Amino acid sequence: MMNREILRLAIPNIIANISVPMLGIVDTALVGHMEAVYYIGALAVGTMVFNFIYFGMGFLSMGTSGLTAQAWGAQNQSEVGLVFWRALTVALSMSILLILLQIPLVRIGFHFVDATPEVLEHASSYFHIRIWAAPATLSLMVVQGWFIGIQNARTPMMLTIAVNVFNILGNLIFVYGFGMNSDGVAYGTVCAQYLGLLIAFKILSTMVSPLKNPVNWRKVLQLSALKQYFYINFDLFLRTLNLIVVFAFFTLASSWQSGMILAANSILMQPWAFNSFALDGFAYAAQSLVGRFIGAGDVVSLKRCIRYLLLWCTGIALIFSLVYFLFGEWILAAFTDKEDVIRKALEYWNWVVLGTFLGSFAYIWDGIYIGATATRSIRNAMLICGVVFFCSYWIFIEPMGNHGLWTALTIFMIARGLILTVMAPACIYRKI
């Protein structure tokens, strides 16, 4: 029964995760066939800035899912609705702030980019168009987190796929129908996000949801509840920021070695990231189920759920590691036809095989802690792991070169899983 519950929540999220890269592939193909090569760079730079912003704001989904799941487990339908409106209010406020600050955001975001004036000009235009999708994008994060909190993974999956399909169709219409350049890709994204939000609210209006009852804004804006929500989200923001810094530094440190190392490491990160698609699906299931069992005060089901989640994590990680071990050269050939890059990447391939398994437990524990709203613990653990990463890099980079960089990243991932495992009895089980 527990396995069925886990798979019911995990599989739709895995499918949704897999649909996301398709959008990037289509967008790149569209601009890749335009008359000037700088449109490719413009899309890459503009997308990079948005990925940084929106990945950093992923706390809107994570924080909402944990609080909603706990209210759902406690059968507190009033609080389930209040969490939704509270989160949506914060999301809309932050999106307005992003729109107002778009000029300094562009300057800061592009300051570290070494690109031609044409690339920066079109990247800036792309940014100033797409930023108007912020209210819809952040609101969709809240909606999806809320649905996960009420144990509904199918609706977020359908919304994600629908938005991506709308985005692809919109981009094709604006680029080929209206003859636009990279700006057309931005307009397609804006339209898709708002269409997705309209569908989300249509779905909400047909079910027992916060839209069915009058909004008690006095309770929504209650200071103590808002403070709790902000504290949780700020902890998650710091955790995510630390994660961004580590992986950004990994790319930077790769470039310091040589262009060939940068190319090889960039390709090696793709199968590493692909493994996370499956594990993130189970992490979402963890958020939903752990929050529900804590809200219901069911410690037996909570421990059983965590045990099964870790078993699923172990099995999936072993399968990925085995596939990577057996088919490494073929996998690399799917990402590039450059023989020299493949040969260089194969020198470090064992780190992908090893890291895929050893680092997998961090993903599941993240979901468990988020569902338990033990966000201060996950923040502190991530900060410690960040220090561990940079210390490891400093120790190993000189004697081991690129192997030292991969050693530091692998130690970072192991530390994440290990520290969260050690902290679990005090931070998770005592929540009940």
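Counting the sequence shown from 1 gives a position; my numbering is that position plus 79.
Even glycine gets a Cβ: it sits at the ideal position worked out from N, Cα and C.
A quick note: this is a predicted structure, and the numbers were derived from the prediction, not measured.
For Tyr20, which residues of its own chain have a beta-carbon under 7 Å away from its beta-carbon, when the five flanking residues on both sides are left out? In the structure as shown, the chain starts at 80 and stops at 511, and residue 20 therefore has no counterpart that could be examined.
Short check: CB of Arg539 to CB of Arg371, under 8 Å? This structure cannot settle anything about residue 539, because the visible part of the chain is limited to 80 through 511.
Note down, one range per segment and in chain order, each alpha helix (DSSP H) of at least 4 residues found wholly within the region 135-162. 138-152
Rounded to whole angstroms, what's the CA-CA distance from Ile311 to Ser140? Just pull it up for me. Counting from 1 along the sequence shown, the entry for residue 311 is found at position 232. Counting from 1 along the sequence shown, the entry for residue 140 is found at position 61. Their backbone Cα atoms lie some 11 Å apart in a straight line.
Considering only C-alpha positions, which residue in the set Ser204, Gly152, Ile175 is nearest to Arg186? For the purposes of this step, residue 186 is taken as the residue at position 107 of the sequence shown. Measuring from the Cα of Arg186, the nearest candidate turns out to be Ser204.
For Ala451, three-class secondary structure by DSSP: Indexing the sequence shown from 1 puts residue 451 at position 372. Three-state DSSP puts Ala451 in coil, outside helix and strand.
Is the beta carbon of Val294 closer than 8 Å to that of Gln272? As a first step, residue 272 is located in the sequence shown; it is residue number 193 there, counting from the start. As a first step, residue 294 is located in the sequence shown; it is residue number 215 there, counting from the start. Taking 8 Å as the Cβ cut-off, Gln272 and Val294 do not qualify as a contacting pair.
Would DSSP call Asp262 helix, strand or coil? Numbered from 1 along the sequence shown, position 183 holds the residue referred to as residue 262. Here Asp262 sits in helix by DSSP.
Which one of Gly160, Phe191, Ser333, Pro183 has the shortest CA to CA distance from Gly224? Position 145 of the sequence shown holds residue 224. Nearest option by C-alpha distance: Gly160.
Test item: CB-CB of Met127 and Met173 under 8 Å: What you label residue 127 is simply residue 48 of the sequence shown in a count that begins at 1. What you label residue 173 is simply residue 94 of the sequence shown in a count that begins at 1. Contact: no.
Touch test, the region 334-341 against the region 197-212, Cβ-Cβ under 8 Å, three pairs minimum: no
Mind checking which residues open and close the alpha helix (DSSP H) that includes Phe328? The residue given as residue 328 occupies position 249 in the sequence shown. Phe328 -> alpha helix (DSSP H) spans 302-336.
Between which residues of its own chain and Cys506 is the CB-CB distance below 6 Å, once the five residues before and five after are set aside? Taking the sequence shown and counting its residues from 1, one reaches residue 506 at position 427. Closer than 6 Å at the Cβ level, and outside the excluded window around Cys506, lie Ala453, Ser456.
Lys281 classed as buried or exposed, judged by whether at least 16 other C-beta atoms fall within 10 angstroms: Within the sequence shown, residue 281 is the residue found at index 202, counting from 1. Exposed, by the Cβ-count rule.
Beta-carbon proximity of Ala279 to Leu219, cut-off 8 Å: Taking the sequence shown and counting its residues from 1, one reaches residue 279 at position 200. Taking the sequence shown and counting its residues from 1, one reaches residue 219 at position 140. Against a cut-off of 8 Å, the Cβ pair of Leu219 and Ala279 comes out as a contact.
First and last residue of the uninterrupted alpha helix (DSSP H) at Tyr387: On the sequence shown, residue 387 is found 308 positions in, with the first residue counted as 1. Taken as a continuous stretch (DSSP letters only), the alpha helix (DSSP H) holding Tyr387 covers 378-414.
Enumerate in chain order the residues of its own chain whose CB-to-CB distance from Ile94 is below 6 Å, with the five nearest sequence positions on each side excluded. Counted from its first residue, the sequence shown places residue 94 at position 15. Excluding residues within five positions, the ones whose Cβ falls inside 6 Å are Met236.
Can you check which of these residues, Ile323, Asn231, Ala364, Val431, is closest to Asn130 by C-alpha distance? For the purposes of this step, residue 130 is taken as the residue at position 51 of the sequence shown. Nearest C-alpha to Asn130: Ile323.
Name the two residues that bound the continuous alpha helix (DSSP H) containing Leu497. Taking the first residue of the sequence shown as 1, we reach residue 497 at position 418. Residues 481-506.
Proximity of Phe138 and Leu315 at Cβ, strictly below 8 Å: Here residue 138 refers to the residue found at position 59 when the sequence shown is read from its first residue. Here residue 315 refers to the residue found at position 236 when the sequence shown is read from its first residue. Their beta carbons are under 8 Å apart, which means Phe138 touches Leu315 by this criterion.
With distances taken from CA atoms, which of Val378, Ala362, Ala327, Ile373 is nearest Trp391? Sequence index remark: in the sequence shown, residue 391 carries index 312 (1-based). Nearest C-alpha to Trp391: Ala362.
Let me confirm a value: Met286 is counted as buried when at least 16 other C-beta atoms fall within 10 Å, else exposed. Which label applies? As a working note, residue 286 is residue 207 in the sequence shown. So Met286 counts as exposed.
Tell me where the alpha helix (DSSP H) around Asn243 begins and ends. Within the sequence shown, numbered from 1, the residue matching residue 243 stands at position 164. Segment 233-251, the alpha helix (DSSP H) holding Asn243.
Applying the criterion that 16 or more other CB atoms from any shown protein chain within 10 Å of the CB defines a buried residue, is Ala343 buried or exposed? As a first step, residue 343 is located in the sequence shown; it is residue number 264 there, counting from the start. Buried.
Check this for me: beta carbons of Ala396 and Ser439, under 8 Å apart or not? Along the sequence shown, read from residue 1 onward, the residue named residue 396 stands at position 317. Along the sequence shown, read from residue 1 onward, the residue named residue 439 stands at position 360. For Ala396 and Ser439, yes; Cβs fall inside 8 Å.
Going by beta-carbon coordinates alone, are Asn481 and Tyr442 separated by less than 8 Å? Taking the sequence shown and counting its residues from 1, one reaches residue 481 at position 402. Taking the sequence shown and counting its residues from 1, one reaches residue 442 at position 363. No, the Cβ-Cβ distance between Asn481 and Tyr442 is not below 8 Å.
Sufficient close CB pairs (3 or more, under 8 Å) joining the region 248-255 to the region 377-384: no
Gly434: which of Gly450, Thr393, Gly188, Val369 sits nearest, CA to CA? Position 355 of the sequence shown, counting from 1, holds the residue named residue 434. That would be Thr393, whose Cα lies nearest to the Cα of Gly434.
Taking the alpha-carbon of Ala460 as reference, which of Ser345, Asp359, Asn321, Arg165 has the nearest alpha-carbon? The sequence position of residue 460 within the sequence shown is 381, counting from 1. Of Ser345, Asp359, Asn321, Arg165, the residue nearest in Cα terms is Asn321.
Give the single residue among Ala327, Phe404, Gly256, Arg233 whose Cα lies nearest to the Cα of Pro91. Against the sequence shown, residue 91 aligns to sequence position 12. Closest option to Pro91, Cα to Cα, is Arg233.
So, with DSSP's three-state summary, where would you put Leu433? Sequence index remark: in the sequence shown, residue 433 carries index 354 (1-based). Helix at Leu433.
With a Cβ-Cβ cutoff of 8 Å, do Ser400 and Phe436 count as a contact? On the sequence shown, residue 400 is found 321 positions in, with the first residue counted as 1. On the sequence shown, residue 436 is found 357 positions in, with the first residue counted as 1. In contact: Ser400 and Phe436 (Cβ atoms closer than 8 Å).
Can you give the beta carbon distance from Val432 to Phe406, rounded, assuming they're within the 8 Å contact cut? Indexing the sequence shown from 1 puts residue 432 at position 353. Indexing the sequence shown from 1 puts residue 406 at position 327. Contact flag wrong, Cβ pair sits at about 11 Å.
Do Leu88 and Gln230 count as a contact pair if the criterion is CB distance below 8 Å? Counting from 1 along the sequence shown, the entry for residue 230 is found at position 151. Counting from 1 along the sequence shown, the entry for residue 88 is found at position 9. Contact flag set, yes.
So Ile474 and Leu484 are in contact, right, with Cβ under 8 Å, and what is the actual spacing, rounded? Sequence index remark: in the sequence shown, residue 474 carries index 395 (1-based). Sequence index remark: in the sequence shown, residue 484 carries index 405 (1-based). So it is not a contact: roughly 11 Å between Cβ atoms.
Grouping DSSP H, G and I as helix and E and B as strand, with all else coil, what is Pro575? Only positions 80 to 511 of the chain appear in the structure, and residue 575 is not among them; the question remains open.
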